[in-house]
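Going by UniProt numbering, the sequence shown opens with residue 1, and the numbers climb by one from there.
Here's the structure we're looking at; comments come further down.
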Amino acid sequence: RPFACGDCGKRFSQKIHLRSHQKTHTGERPFPCADCGRRFRKKTHLVRHQRTHTGERPFACTRCTRRFAHKQHLLRHQQ
């Protein structure tokens, strides 16, 4: 793993993963929610959060009619 964090030494195989990790040290949160102003380190976290405002539930159970906003909630439901 050629990319090392200068703050904690954690190593990454890709530079993009290192850059994402470095935000945990700097506190940088470059992705703001347009609805409430909450900020996120990763765009994927912002997208997931936005479902609280839109009510979108993209994860459907194949065994019943329930839908979920988060994949983890669907997986827990299916256990």
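Glycine is no exception: its CB is placed at the ideal position from the N, C-alpha and C atoms.
Would you call the CB atoms of residue i and residue j closer than 7 Å?
i	j	result
phenylalanine 3	leucine 18	yes
alanine 60	arginine 67	yes
Where DSSP assigns a beta bridge to residue i, which residues make up the other side?
i	result
alanine 60	Arg67
arginine 51	Partner(s): none; arginine 51 has no beta bridge.
arginine 39	Pro32
Just tell me which of the options has its CA closest to the CA of residue i.
i	options	result
residue 80	Leu46, His73, Pro58	The structure shown does not extend to residue 80, since the chain is modelled only from 1 to 79, so the question has no answer here.
glutamine 14	Leu75, Gln72, Arg1, Gly55	Arg1
arginine 63	Ala69, Gln79, His49	Gln79
threonine 44	Leu74, Gly55, Arg29	Arg29
threonine 65	Gln72, Gly37, Thr54, His77	His77
Helix, strand or coil, according to DSSP, for residue i in the structure here?
i	result
arginine 1	coil
arginine 11	strand
arginine 29	coil
arginine 19	helix
Closer than 8 Å by C-beta to residue i: which residues in its own chain qualify, once you throw out the five before and the five after it? Chain order, please.
i	result
histidine 21	Cys5, Lys10, Phe12
cysteine 36	His53
For residue i, I'd like the list of residues in its chain whose CB is within less than 6 Å of its CB, leaving aside the five on either flank, ordered along the chain.
i	result
aspartate 7	His25
Near residue i, which residues of its chain fall below 7 Å by C-beta distance, leaving aside the five closest residues on each side in sequence?
i	result
proline 58	none
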